[in-house]
Ligand code: WTA
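Residue numbers (the numbering used here): 50 to 699.
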């Protein structure tokens, strides 16, 4: 903290392309500033006005009740989230495509709002017949197929709480999450496709359920047709129960604060936290930010490339777009299958107008070369978005020039699982952009960059990114752990929400988010906890101690480096290194697999016995240590590590 970054201060702002600006919803900084000012001066009036975006069974009586750390939004209001995403569109745009699904092998399935309504109602009836009612939790472990969106909306229709677990998580991670959220029903698939190969989801789920006795029903989508193990008393084929279900399922009203979902994310301890979102505030801010940030129009074909297993997919594939009656592309597979032009082929095929993707994907496209893009007509694109990690200026410029042909604005959107929706982003028709900056807060959002005492930092000086006021889509708590909610987000710097990110503001007040200040790392945009990986490592029989740090990676942003010391019974070897990496894959999932496993005789510690991760980080990044080492208990060990990059197998 405290270092001044001159590069950030020197970056020049570029005005939005004139063609875009002229037709945008918000066309000038004056308009943005007046909305921002209005929301600052009269937040209740501002959000009351925005609340008209939703259809209410009963309009809210109060806008916000706030007592740190607990917020209630749109108090006394009643609505149904699924009604807002589906039913209300039928009259005006029943035949319009809601979800334009594309399989990895190139098949297209358009689902209209009318079709979606039928599917959601039928599956809600299925869930109900399995005993699911308002407040119950349904676990979801599915690939990127339409049934995933249908399941979420069916849960919302019944007031049931969904908890999606990303399909890349292992059986151990899945079981932990299912047990924590208390689900009795799981929706999964026989398998999914990834780069033409089958991901055996049902087998993984079967394994997980061995330690989840509370789960009594498993609904299985047939996607691959491969044989799977079957438990007659527990397992049901999705298509069978769905075909028997009634297609009429009235949407019941629920309180604004009724819980909508739990989504697990990594924090600073080994135990993932269940971020709990509620209904009205979340849906409203997703729907509203879609209009502000993506400048959404009726005829847009919008594509967010995230997986619904993460928050970006929840907010910007399902809830935000569908609440607006948009057409959203949902793609099942990988960006390089069957070839590295898959995304651009999809953009051309569906005439995609808005593309929302990650810096990791952009850097990979850059590395693959422009020729993959040049094979296709991508001129339908009018707006580009980025999310999940800081985007480096070189990747930003490539995205702007090669994909956007200098004509498309870029919205670098900053937000988190906890914030529910985008909080800091350019408005594409108004905000001059700077490559690498998420620019300015949306109206209603009051972020600051401060030191640990809560005092603002100087322009160009690094500090902590915090948010001063509550906002509608903020997390309500950590499921089952109010204390951790308070401790992690509200007690670090009293009175404000602590994001866990380091940031700077420049002389124009622009925000530059630099990355995490805690033990959270971002590998290919996936949020991982170093502590969670460490606890996976020490559960391996050969390992005595482990410390995990990140090192920069040209494509993925960060990569996992594990330093381990072995038990006396184990001997370092290249095979053991592989086994250890496999063990992390089996315990968490392939997203957490270490890029490097380094054996050490001992780990450098302070006098009080704390592992000095800072030194290991330096070692992982630079291969040598130059920092202050005087407080080391075992200097020889560190020196040895530094010299040999971990002891040799010999
Ligand atoms: C990082 C993803 C820089 C940040 C929506 C945050 C970003 C974490 C940006 C949340 C951005 C997200 N620029 N960093 N535009 N967007 N981040 O919960 O560190 O998976 O705290 O939510 O991603 O990750 P999460």
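Idealized CB from N, CA, C, for every residue including glycine.
Just so you know, these numbers come straight off a predicted model, no measurement behind them.
Is residue i near residue j, with beta carbons less than 8 Å apart?
| i | j | result |
| --- | --- | --- |
| residue 328 | residue 305 | yes |
| residue 214 | residue 223 | yes |
| residue 88 | residue 174 | no |
| residue 325 | residue 528 | yes |
| residue 106 | residue 477 | no |
| residue 577 | residue 613 | no |
| residue 248 | residue 192 | yes |
| residue 610 | residue 645 | yes |
| residue 744 | residue 472 | What is shown of the chain runs 50 to 699, which leaves residue 744 out entirely. |
| residue 517 | residue 545 | yes |
| residue 108 | residue 179 | no |
| residue 275 | residue 239 | yes |
| residue 99 | residue 337 | yes |
| residue 616 | residue 593 | yes |
| residue 582 | residue 637 | yes |
| residue 198 | residue 212 | no |
| residue 378 | residue 401 | yes |
| residue 176 | residue 205 | no |
| residue 368 | residue 312 | no |
| residue 67 | residue 479 | no |
| residue 438 | residue 574 | yes |
| residue 300 | residue 131 | yes |
With a threshold of 16 other CB atoms inside 10 Å of the CB of residue i, please say whether the residue is buried or exposed.
| i | result |
| --- | --- |
| residue 289 | exposed |
| residue 393 | buried |
| residue 549 | buried |
| residue 622 | exposed |
| residue 65 | buried |
| residue 653 | buried |
| residue 334 | buried |
| residue 496 | buried |
| residue 156 | exposed |
| residue 11 | Because residue 11 is not part of the residues shown, which for the chain are 50 to 699, the question remains open. |
| residue 279 | exposed |
| residue 647 | buried |
| residue 442 | exposed |
| residue 571 | buried |
| residue 20 | Absent from the structure is residue 20, since the part of the chain shown begins at 50 and ends at 699. |
| residue 483 | buried |
| residue 255 | buried |
Contact check, residue i vs residue j under 8 Å by CB: the rounded distance?
| i | j | result |
| --- | --- | --- |
| residue 209 | residue 188 | Between residue 188 and residue 209 the Cβ distance is about 11 Å, and since that is not below 8 Å, they are no contact. |
| residue 488 | residue 498 | Not confirmed; about 14 Å, so no contact. |
| residue 409 | residue 605 | 5 Å |
| residue 128 | residue 302 | 7 Å |
| residue 415 | residue 383 | Between residue 383 and residue 415 the Cβ distance is about 17 Å, and since that is not below 8 Å, they are no contact. |
| residue 135 | residue 169 | 6 Å |
| residue 143 | residue 163 | 4 Å |
| residue 60 | residue 485 | 7 Å |
| residue 120 | residue 523 | 6 Å |
Tell me the DSSP secondary structure of residue i in three-state form.
| i | result |
| --- | --- |
| residue 306 | coil |
| residue 265 | coil |
| residue 489 | coil |
| residue 697 | Unreliable positioning characterises residue 697 in this predicted model, as indicated by a pLDDT of 40, which lies under 50. A coordinate reading is not provided. |
| residue 273 | coil |
| residue 505 | strand |
| residue 218 | strand |
| residue 535 | helix |
| residue 94 | helix |
| residue 119 | strand |
| residue 408 | helix |
| residue 366 | helix |
| residue 561 | strand |
| residue 323 | strand |
| residue 232 | coil |
| residue 547 | strand |
| residue 175 | helix |
| residue 376 | strand |
| residue 472 | coil |
| residue 195 | helix |
| residue 529 | coil |
| residue 554 | strand |
| residue 113 | strand |
| residue 484 | coil |
| residue 181 | coil |
| residue 589 | coil |
Is any heavy atom in the ligand NAD found nearer than 7 Å to the beta carbon of residue i?
| i | result |
| --- | --- |
| residue 466 | For the structure depicted, the ligand NAD is absent and the ligand set comprises only the ligand WTA. |
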